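First residue of the sequence shown: 379, per our numbering; consecutive thereafter.
Every residue gets a Cβ at the ideal spot worked out from N, C-alpha and C, and that includes glycine.
Computed from a predicted structure; not experimentally measured.
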Amino acid sequence: MKNEMTLELLRNQLKNFGLNPAEWSICRLQALNFLVQNRADESFALYGRLEYRNRKPQWKSLEVYSL
């Protein structure tokens with residue numbers, strides 16, 4: 379359940395990058411690395427790196443992974 383809460387928190391933080399959280403799905407690749415995939419066009423994906431500040435997860439960076 380904690381993992382689901384973390385993913386939901388990260389999805390909501392996509393707003394900070396000008397993205398609509400409802401349009402994206404997130405899956406963990408490695409401990410602090412995630413694939414953020416557009417729900418309408420799965421070939422459009424971002425590579426996200428996570429960091430913890432005050433024991434709370436947040437995006438460190440998002441990069442275009444594929445178009």
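Check this for me: beta carbons of residue i and residue j, under 8 Å apart or not?
i, j, result
"Arg427", "Asn411", "yes"
"Leu388", "Ile404", "yes"
Output needed for residue i: all residues of its chain with C-beta closer than 8 Å, excluding positions within five of it in sequence on either side, in chain order.
i, result
"Ser439", "Gly426 and Arg427"
Measuring only the C-alpha atoms, how far is residue i from residue j?
i, j, result
"Tyr443", "Lys393", "19 Å"
Could you check how far apart the C-beta atoms of residue i and residue j are, in whole angstroms? I think they sit under 8 Å.
i, j, result
"Glu401", "Ala418", "7 Å"
"Lys445", "Ser421", "According to the sequence provided, residue 445 is Leu. The question's Lys does not apply to it. Contact holds; Cβ gap of about 7 Å."
Quick one: what's got a C-beta closer than 7 Å to residue i's C-beta in the same chain, skipping five residues either side?
i, result
"Pro399", "Arg389, Asn390, Leu392 and Lys393"
"Glu441", "Leu424 and Tyr425"
"Thr384", "Pro435"
Below 6 Å CB to CB, which residues in the same chain sit around residue i once its five sequence neighbours on both sides are set aside?
i, result
"Phe395", "Leu440"
Mind checking if residue i is an interface residue toward chain E, Cβ cutoff 8 Å exclusive?
i, result
"Ala423", "No chain E is part of this structure, which consists of one protein chain only."
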